[in-house]
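Top line first, the protein sequences correspond to chains A and B.
Using our numbering, the letters of the first sequence map in sequence onto residues 17 to 451.
Using our numbering, the letters of the second sequence map in sequence onto residues 5 to 181.
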Amino acid sequence: MGYPHPSHAKEQLVLSKHFGDAGARTFDGWVKRGGYEGLKRALGMTRDQVVEIVKASGLRGRGGAGFPTGLKWSFMPKEVTKPHYLVCNADESEPGTFKDREIIRWTPHQLLEGCAIAAHAIGAERIYIYIRGEFTAEHRILTAAVEDAYRSGALGGNVFGSGRRIDVVVHRGAGAYICGEETAMMNSIEGKRGNPRIKPPFPAAAGLWACPTTINNVETLAAIGHILVRGADWYKGLCLSSPKSTGTKLFSVCGHVQRPGNYEVVMGTPMRDLVYDMCGGMRPGRALKAVIPGGSSVPIMTAAEIEDCAMDYEGIAAKGSMLGSGGMIVMDDSTDIVYQVMRLARFYAHESCAQCTQCREGTAWTTRILERILAGAGKAEDLALLLDLADNMTGKTICVLSDSCAAPVVSAIKKFRGEFDAYLNRTRRPVMVAV
Amino acid sequence: MSGTPGAGPAHAEAHHEESYQPVFVGAVKARLEALFPQYPTRQACLLPALWMVQEERGWISPSAIGEVAEVLGLTPAFVKGVVTFYTMYHTHPVGRHFIQVCTTSPCNICGAEDVVKAFLQHTGCGELGATSKDGRFTVIEVECLGACGFATPVLIDDDFIEGVTPERVPGILQGYK
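Now the structure itself:
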C-alpha cells in the first residue's frame, strides 16, 4: 500500500519528500535525489565540528523526550578508550505513532546516512538499529538497504574512501513496547529481558556492554543529513512559534479524521490547521471531542484546548500536554472516553516489564478499576482511588511507563469527569460484563 | 555455563521430546555463526537465534530452549526467561497461520474489535488464543502494531495487512491455506 494522502500545501516536505517514491529506496536512487552528500561533508570534518552544527540547528530528539541532539552527542567521551556505540531506536510502538515506519519503508538510506554521520560525530564504529519485530516489511527493506550501502562504499571499513570504519547491524526485536525505552533497548540488544536500567549511569558513560553509547530515534537521525547539507541556520529558520523548537516534525494523525496519515510541518504550526484542514476534519455529522497529541502516554486535550495550540514542544506543554512522539489520536463525539482510557491502561498493564511494584501492580489495578466502572459495578470512591493510584505511579519508578499509564487516566478524569460519573451513577448502560 | 543435566524444568521437559532434532545444523548453524562477529558477546545473539528457531519450527519448545542455551553458552533458565519476556516468541504450538489484530485505542475507535470478531468467526477459532480444529489458524489481539493511520492493521505470519475491515476478512483468509 502506498502513502495514504497527497501532500498538502501547508506541509514542508524535508524528511517525507520521497514518501511514496519506491525509486528512493536504493543507494543509487537516494544518491540521485541528493543523498549521501551530508555524510561526505561530515567525513571531511572533525567530530566536534559535526556536533557543533547539530547543536546550532536546535534539533531535539523526536522519540518523545525532546532532548537536544547535539548536546546528547557532546556527552560522549572525546577519547575513544573502549568501543563507542550508536543505537538507532526503530522500536516505534507508542500508540498513535507510525512515522518511523514510513521513513524506513520509503527512505531507508535517509536513515542510514544520518546513522553514519552520527556515528562519526560520537566516535563510534558500530551502529545497532533496533527495529520492532512486527515491522516485517520494513525489516526486509532496511536489511536490503544496508547490504546496498556496503556494496556502494557508504558503509564498511573505508566509508567513501575516508579510511573511516562504520558498520551497521540490524537487530530485530520480538514484541515488547518497553524495549523502546533506551536502557531496556540496550539490555535487549545484549540478549537479555528488556528491563530498563537505573540511571545514572547514563548511556554516554556506560551503555551497551558498559561502553559509551548514544541512542537516537529514527526521525532524529533522518534529519541529520539535511542539516549537514543545508546548514544549521536553514534548520533553525524552520520555526513558526517557540525558538526552542526548530525544524520540521512528522505528525502521525490517526483516529476519527477524514485523512489520517503522516504530515510533515514546520514546528509551531497551529494544531487546528492540522486537524481541521490538512486532515480534513471529522467525519460528516461528527464533532471533535478530544486529541491525545503526542502518543498515548501524554495528557488528553479537549476540543477547546486545540483551538489556539502551536504544535511545538513549548506550545503543547503550555496546554498541559506534551508533543511527545507526535502521534496524534483524534477522537470524535462518538468516542467513549472511559472505554478508551481503559484500553490504554490495559496496554500499559500488558507492556509493563514488572520490575517496579508501582507499575506492575498500578497498571493492572488501574485497568481492573476502569473495567468495573465500565461494567456498571464501580464504587463511589473509584475516581479518588484512581487518582491516588496515579499519584503513586508518577515519578517513582525506574522508567516512565508507569507515569505514561497515569497521564491519560488523570487528564481524562479531570476533563471528562461527567463520562465517568455517568457509569458510576448508573445513568449510562454498562458496556462490559462484571467479572 | 552450559545446558547441563538437571539445570531446570526446561531440561526435564526436554526428555519427553525424544525425537527432537537440533535446529542449529548445516545452513541454519552457518547463519547463526555468521552473526557472531557482529556482537562482542555470544549472549547478544540470543534474540536472533530464537527467531531462527521459530522460523524453522513454528514455536520454541523446551528442547529448543536447551539447544539454544547450549549453542550460546547460557543456562536454559536464562533463555527461558528471555523467551517468555517477548510476546512474539511462541512457547507452545500455534496454527499454521498466526493472526494478530491490533486493538489498542487508535484502532479500537476505528472498529478493531469488529475485525477481531470477524476473524474469530471466519477462522472457526471461536476464542482468542485458540487454534482452529483444522490447525490452520490462531487469532490473538495484539497491542499497538504501529500503523495507527491504517486502521485496522493485521499481521498474518510475516504479512502486514493494512486497513482491514470485517468485510475484507473472508477474502484475506482465502490466501492462507
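Each residue gets a CB set at the ideal place from its N, CA and C atoms; glycine is no exception.
If you're wondering where the values come from, they're calculated on a predicted model, not measured in any experiment.
Pair within 8 Å by beta-carbon distance, residue i and residue j
i: residue 194(A); j: residue 212(A); result: yes
i: residue 189(A); j: residue 204(A); result: yes
i: residue 84(A); j: residue 311(A); result: no
i: residue 228(A); j: residue 93(A); result: yes
i: residue 343(A); j: residue 268(A); result: yes
i: residue 114(B); j: residue 151(B); result: no
i: residue 63(B); j: residue 95(B); result: yes
i: residue 281(A); j: residue 296(A); result: no
i: residue 103(A); j: residue 224(A); result: yes
i: residue 79(A); j: residue 420(A); result: no
i: residue 439(A); j: residue 360(A); result: no
i: residue 106(A); j: residue 234(A); result: yes
i: residue 198(A); j: residue 147(A); result: no
i: residue 28(A); j: residue 264(A); result: yes
i: residue 70(A); j: residue 89(A); result: yes
i: residue 136(B); j: residue 99(B); result: yes
i: residue 86(B); j: residue 132(B); result: no
i: residue 137(A); j: residue 63(A); result: yes
i: residue 127(B); j: residue 105(B); result: no
i: residue 30(A); j: residue 242(A); result: yes
i: residue 149(A); j: residue 191(A); result: yes
i: residue 431(A); j: residue 316(A); result: yes
i: residue 283(A); j: residue 254(A); result: yes
i: residue 101(A); j: residue 144(A); result: yes
i: residue 348(A); j: residue 447(A); result: no
i: residue 117(A); j: residue 91(A); result: no
i: residue 278(A); j: residue 23(A); result: no
i: residue 153(A); j: residue 128(A); result: no
i: residue 71(B); j: residue 29(B); result: no
i: residue 372(A); j: residue 200(A); result: no
i: residue 337(A); j: residue 314(A); result: yes
i: residue 74(A); j: residue 251(A); result: yes
i: residue 303(A); j: residue 318(A); result: no
i: residue 114(A); j: residue 167(B); result: no
Host beta strand (DSSP E) of residue i (start-end)
i: residue 348(A); result: 343–348
i: residue 103(B); result: 101–106
i: residue 243(A); result: Element bounds for residue 243(A): not the beta strand (DSSP E) but the alpha helix (DSSP H), 234–246.
i: residue 163(B); result: 163–165
i: residue 143(B); result: 141–146
Nearest-angstrom beta carbon gap, residue j and residue i [assumed within contact, 8 Å]
i: residue 417(A); j: residue 364(A); result: 6 Å
i: residue 434(A); j: residue 345(A); result: Actually they are not in contact, since the Cβ atoms of residue 434(A) and residue 345(A) sit about 20 Å apart, beyond 8 Å.
i: residue 54(A); j: residue 237(A); result: Incorrect: roughly 11 Å between the Cβ atoms, too far for contact.
i: residue 141(B); j: residue 103(B); result: 6 Å
i: residue 424(A); j: residue 357(A); result: 6 Å
i: residue 60(B); j: residue 108(B); result: With 8 Å as the limit, residue 60(B) and residue 108(B) do not qualify as a contact, their Cβ atoms being about 31 Å apart.
i: residue 122(B); j: residue 157(B); result: With a Cβ gap of about 15 Å, residue 122(B) and residue 157(B) do not count as contacting.
i: residue 96(A); j: residue 139(A); result: 5 Å
i: residue 101(B); j: residue 24(B); result: Contact flag wrong, Cβ pair sits at about 24 Å.
i: residue 261(A); j: residue 328(A); result: 3 Å
Enclosing alpha helix (DSSP H) for residue i [first to last residue]
i: residue 173(B); result: 173–177
i: residue 160(B); result: No alpha helix (DSSP H) contains residue 160(B), which is instead part of the beta strand (DSSP E) from 158–160.
i: residue 34(B); result: 30–39
i: residue 420(A); result: 417–431
8 Å Cβ cut-off: residues of chain D touching residue i
i: residue 445(A); result: In the structure shown, chain D does not exist; the protein chains are A and B.
Length-filtered (3 minimum) beta strand (DSSP E) runs lying within the stretch 79–150 of chain A: Whole beta strand (DSSP E) segments, 3+ residues: 101–106, 142–147.
Answer yes if the stretch 276–289 of chain A comes into contact with the stretch 319–329 of chain A, meaning at least three C-beta pairs across the two stretches below 8 Å, and no otherwise. When Cβ pairs closer than 8 Å are counted between the two stretches, the stretch 319–329 of chain A is seen to touch the stretch 276–289 of chain A, the count reaching three or more.
Does the stretch 113–127 of chain A come into contact with the stretch 40–50 of chain A, if we say contact requires no fewer than three beta-carbon pairs (one atom in each stretch) closer than 8 Å? Yes: at least three Cβ pairs fall under 8 Å.
If we require 3 or more residues per run, which beta strand (DSSP E) segments fall completely within the stretch 271–351 of chain A? The stretch 271–351 of chain A contains these whole beta strand (DSSP E) runs: 277–282, 304–308, 343–348.
The stretch 371–385 of chain A / the stretch 394–413 of chain A touching (three or more Cβ pairs under 8 Å): Counting Cβ pairs under 8 Å, three or more are found: they touch.
Jot down the residue ranges of each uninterrupted alpha helix (DSSP H) in the stretch 359–407 of chain A, minimum 4 residues, whole runs only, in chain order. List check, alpha helix (DSSP H) in window: 373–390.
My parser needs the alpha helix (DSSP H) runs of 4 or more residues fully inside the stretch 146–228 of chain A; what are they? Taken in chain order, the complete alpha helix (DSSP H) segments of 4 residues or longer contained in the stretch 146–228 of chain A are 152–167, 198–205.
For the stretch 38–47 of chain B and the stretch 60–78 of chain B, state whether three or more C-beta atom pairs, one from each stretch, are separated by less than 8 Å. The stretch 38–47 of chain B makes contact with the stretch 60–78 of chain B, as at least three CB pairs between them are under 8 Å.
At 3 residues or longer, what runs of the beta strand (DSSP E) sit wholly inside the stretch 53–135 of chain B? For the stretch 53–135 of chain B, whole beta strand (DSSP E) runs of length 3 or above, ordered along the chain, are 101–106.
Stretch pair the stretch 127–135 of chain A + the stretch 173–188 of chain A: three plus CB contacts closer than 8 Å: Touching, yes, given that three or more Cβ pairs across the two stretches are closer than 8 Å.
So within the stretch 30–75 of chain A, which uninterrupted alpha helix (DSSP H) runs reach at least 4 residues, ignoring any that extend past its ends? Restricting attention to alpha helix (DSSP H) runs no shorter than 4 residues, the stretch 30–75 of chain A encloses them at 43–48, 53–59, 63–73, ordered along the chain.
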